[in-house]
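Trainee:
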Amino acid sequence: MYLKLDNNKQIKKFYRLLSLYKSIIFKFVKFKTSNSDKNINLIIEALNIKNRKERITFVYDEACKLIDNQVNGKNICGFENCKCYTQRNNSYKYGCFRMCRYKTNSGCSTKNLACKLFNCSEVKKRYKVIEYSDLKILKLLSIRQRFIVKSDYFTLRENVLKDLYSYSFIYSSIKIILRTIIDFIHVKAIEKRTINGGIYEN
Ligand code: SF4
Ligand code: SF4
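According to this note's numbering, the sequence shown holds residues 10 to 211 in order.
1. Would a C-beta distance cut-off of 9 Å place I53 and L12 closer than the cut-off?
2. Considering only heavy atoms of ligand 1 and the C-beta of each residue, which residues fall inside 6 Å, strictly closer?
3. Could you please give the first and the last residue of the uninterrupted alpha helix (DSSP H) stretch that includes V38?
4. Hey, would you say T95 sits closer than 9 Å to C105, going by beta carbons?
5. Taking only three categories from DSSP, how would you classify L75?
6. Looking only at its own chain, which residues have a Cβ that is under 6 Å from the Cβ of Q154, when we skip the five neighbours before and after it?
7. Decide yes or no for the touch test of the region 129-146 against the region 185-196: beta carbon pairs closer than 8 Å, at least 3 of them.
8. Please state whether DSSP places Y94 in a helix, a strand or coil.
9. With a threshold of 16 other CB atoms inside 10 Å of the CB of C124, please say whether the residue is buried or exposed.
10. Tell me the start and end of each unbroken alpha helix (DSSP H) in the region 79-130 that is at least 4 residues and wholly inside, in chain order.
11. Restricting to Cα atoms, I'd like to know which of I179, S181, D70 is closest to T119.
12. What does a CB cutoff of less than 8 Å around L149 pick up in its chain, not counting 5 residues either side in sequence?
13. When the Cα atoms are used, what is the spatial distance from G207 to R97?
14. Taking DSSP as the reference, what is the three-state secondary structure of Y11?
15. If you draw a straight line from the alpha carbon of K36 to that of N78, how long is it in whole angstroms?
16. Using 9 Å as the threshold, is the C-beta distance between T42 and N50 below it?
17. Regarding K125 and ligand 2, is the C-beta to nearest heavy atom distance less than 8 Å?
18. I need the boundaries of the alpha helix (DSSP H) containing V158, first residue and last residue.
19. Can you tell me whether S118 sits near ligand 2, meaning its C-beta is under 8 Å from at least one heavy atom of the ligand?
Okay, structure coming up:
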């Protein structure tokens with residue numbers, strides 16, 4: 010199916026019809042477009058993935074990639090001696106993810122979209138960062154799934170994806186709450202090991 014997306018009106022209509030295009034009705038339809046915009050082409054590519062889980066995985070990974078490509082090689086948090094902009098005048102280190110269990114010496118060991126979308130005001134006043142609304146590809150997710158990608162912080166990519174695959178809002182909400190409790194216990198355990206106001210033993 011060839012989609013003529015040459016003006017704003019056509020593009021807006023295209024976004025409005027996304028739920029329909031990803032439905033069973035278009036299961037065997039291959040989409041093409043005249044538009045060369047990267048975001049639109051990513052959506053078209055996703056629409057041509059007919060397996061639900063594979064499409065969700067593609068959407069998640071591509072959204073992460075768009076952010077990674079923009080910040081790649083830039084020290085947007087201003088880290089110097091392990092201290093970010095907000096930690097210049099206190100004793101803490103390693104930014105706002107200092108207590109996350111997935112933090113390693115070389116950075117994050119997983120891929121978490123909620124974390125990637127988070128930028129404090131110190132970062133935002135210095136850089137034009139990618140916001141949630143810039144990630145047009147997320148329009149392919151349901152309202153429940155969009156809520157998850159915005160709120161599932163400090164979580165392994167694989168667990169976020171499991172939440173996204175689920176059809177049940179209650180199931181994924183319970184899992185997010187349980188993980189939050191486990192993370193809280195983990196943070197408290199780290200706090201007990203804290204020495205010298207924010208420098209950790211490991
Ligand atoms: S987002 Fe802000 S608080 Fe978090 S690490 Fe970056 S500068 Fe620090
Ligand atoms: S999961 Fe989030 S908070 Fe934890 S290390 Fe990765 S980006 Fe940082």
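All C-beta atoms in this analysis are idealised placements derived from N, C-alpha and C, irrespective of residue type, glycine included.
Mentor: With the given structure in hand:
1. Residue 53 sits at position 44 when you count from the first residue of the sequence shown. Residue 12 sits at position 3 when you count from the first residue of the sequence shown. Yes, Cβ-Cβ distance for I53 and L12 is below 9 Å.
2. C86, C93, Y94, T95, G104, C105, N128, C129, E131, V132
3. Reading the sequence shown from its first residue, position 29 is the one you call residue 38. Neither: V38 is in no alpha helix (DSSP H) and is coded neither H nor E.
4. For this step, residue 95 is matched to residue 86 along the sequence shown. For this step, residue 105 is matched to residue 96 along the sequence shown. The answer is yes: Cβ separation under 9 Å.
5. Locating residue 75 in the sequence shown gives position 66, where the first residue counts as 1. Helix, per DSSP.
6. Here residue 154 refers to the residue found at position 145 of the sequence shown. Closer than 6 Å at Cβ, skipping near neighbours: L173.
7. no
8. In the sequence shown, the residue the question calls residue 94 occupies position 85. Y94: helix per DSSP, three-state reduction.
9. Numbered from its first residue, the sequence shown carries residue 124 at position 115. It counts as buried.
10. 122-126
11. Counting from one through the sequence shown, the residue named residue 119 turns up at place 110. It is D70 whose Cα lies nearest to the Cα of T119.
12. As a first step, residue 149 must be located in the sequence shown, where it is residue number 140. Same-chain partners within the cutoff: L27, K31, I52, A55, L56, R64, V68.
13. Translated into positions along the sequence shown, residue 207 becomes position 198. Translated into positions along the sequence shown, residue 97 becomes position 88. Its pLDDT being 45, under 50, G207 is placed unreliably by the model, and nothing is read from it.
14. Counting from one through the sequence shown, the residue named residue 11 turns up at place 2. Correct three-state label for Y11: strand.
15. Position 27 of the sequence shown holds residue 36. Position 69 of the sequence shown holds residue 78. Their backbone Cα atoms lie some 31 Å apart in a straight line.
16. Taking the sequence shown and counting its residues from 1, one reaches residue 42 at position 33. Taking the sequence shown and counting its residues from 1, one reaches residue 50 at position 41. It is a contact, given that the beta carbons lie within the stated cut-off.
17. Here the question's residue 125 lines up with position 116 in the sequence shown. Flag set: Cβ of K125 near ligand 2.
18. As a first step, residue 158 must be located in the sequence shown, where it is residue number 149. Its alpha helix (DSSP H) spans residues 152-160.
19. For the purposes of this step, residue 118 is taken as the residue at position 109 of the sequence shown. Flag set: Cβ of S118 near ligand 2.
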